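Numbering (our numbering), first residue to last: 1 to 153. Just so you know, even glycine gets a beta-carbon here, dropped at the ideal spot from N, CA and C. For clarity, every value in this text was computed on a predicted model and none was experimentally measured. Below is one structure; the comments refer to it alone.
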């Protein structure tokens, strides 16, 4: 009987602490903590155009995070949900984005320096890699730094 009481008390403590831990793992909280929320571009001093895209990580009214792409053409712009996010031990950020426009979830790892980010890794659902070790697989070039242009409103 005493062992059962101790087990119930222990279970109660776990339940008390489980909710805050799971809340911290919500993508919005992780992206805020890491500093990804906002709008990013290769050239913030230039307006959005077909040669200068802007990428936003925005928290919606529903509390979900969205990856918005402003491609300089409203008919091509899209919005995709960030379905998971985690801070990795080396200080990078891993996120999964559900790109409904291409019907796939992609996993991306970002690194950062003050005011800028770049992709180190980008994998599709079948394991196809477009970026590995910070290099594009199709040409071996380093992924470019994106700069934080403005905070998300």
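Top-ranked residue by Cα proximity to residue i, from the options
| i | options | result |
| --- | --- | --- |
| residue 133 | 81, 49, 75, 109 | 109 |
| residue 48 | 29, 144, 68, 64 | 68 |
| residue 138 | 144, 145, 130 | 130 |
| residue 143 | 124, 118, 126 | 118 |
| residue 77 | 65, 86, 89, 99 | 99 |
Sequence-distant residues of its chain with Cβ nearer than 7 Å to residue i (five each side left out)
| i | result |
| --- | --- |
| residue 92 | 109, 110, 111, 120 |
| residue 6 | For residue 6, the predicted model reports a pLDDT of 34, less than 50, meaning its position is unreliable; a value from the coordinates is still stated below. Excluding residues within five positions, none has a Cβ falling inside 7 Å. |
| residue 123 | 106, 107, 129 |
| residue 140 | none |
Proximal residues to residue i (C-beta, below 6 Å), its chain only, five neighbours per side dropped
| i | result |
| --- | --- |
| residue 43 | 52 |
| residue 37 | 31, 57, 152 |
| residue 22 | Bear in mind that a pLDDT of 40 at residue 22, under 50, signals an unreliable position, so the number given afterwards is only what the model happens to contain. Once the five neighbours on either side are set aside, residue 22 has no close Cβ partner at all. |
| residue 165 | Limits of the chain in this structure are 1 at one end and 153 at the other, which puts residue 165 out of reach. |
| residue 20 | The predicted model places residue 20 with a pLDDT of 42, which falls under 50 and marks its position as unreliable; any figure quoted below should be read in that light. Here the set comprises nothing. |
| residue 88 | 94 |
| residue 24 | At residue 24 the pLDDT is 45, less than 50, meaning the model places this residue with poor confidence and gives no usable figure here. |
In DSSP terms, what residue i is bridged to
| i | result |
| --- | --- |
| residue 137 | In DSSP, residue 137 forms no bridge with anything. |
| residue 87 | 93 |
| residue 32 | Answer is none; residue 32 lacks a bridge partner. |
| residue 98 | 81, 105 |
CB of residue i within 9 Å of CB of residue j, strictly
| i | j | result |
| --- | --- | --- |
| residue 40 | residue 148 | yes |
| residue 70 | residue 57 | no |
| residue 59 | residue 152 | yes |
| residue 80 | residue 50 | no |
| residue 104 | residue 94 | no |
8 Å Cβ shell around residue i - same chain, five flanking residues per side excluded
| i | result |
| --- | --- |
| residue 115 | 147, 148 |
| residue 63 | 26, 28 |
| residue 65 | 27, 28, 31, 37, 57, 58, 59, 81, 82, 85 |
| residue 145 | 42, 113, 116, 117, 118 |
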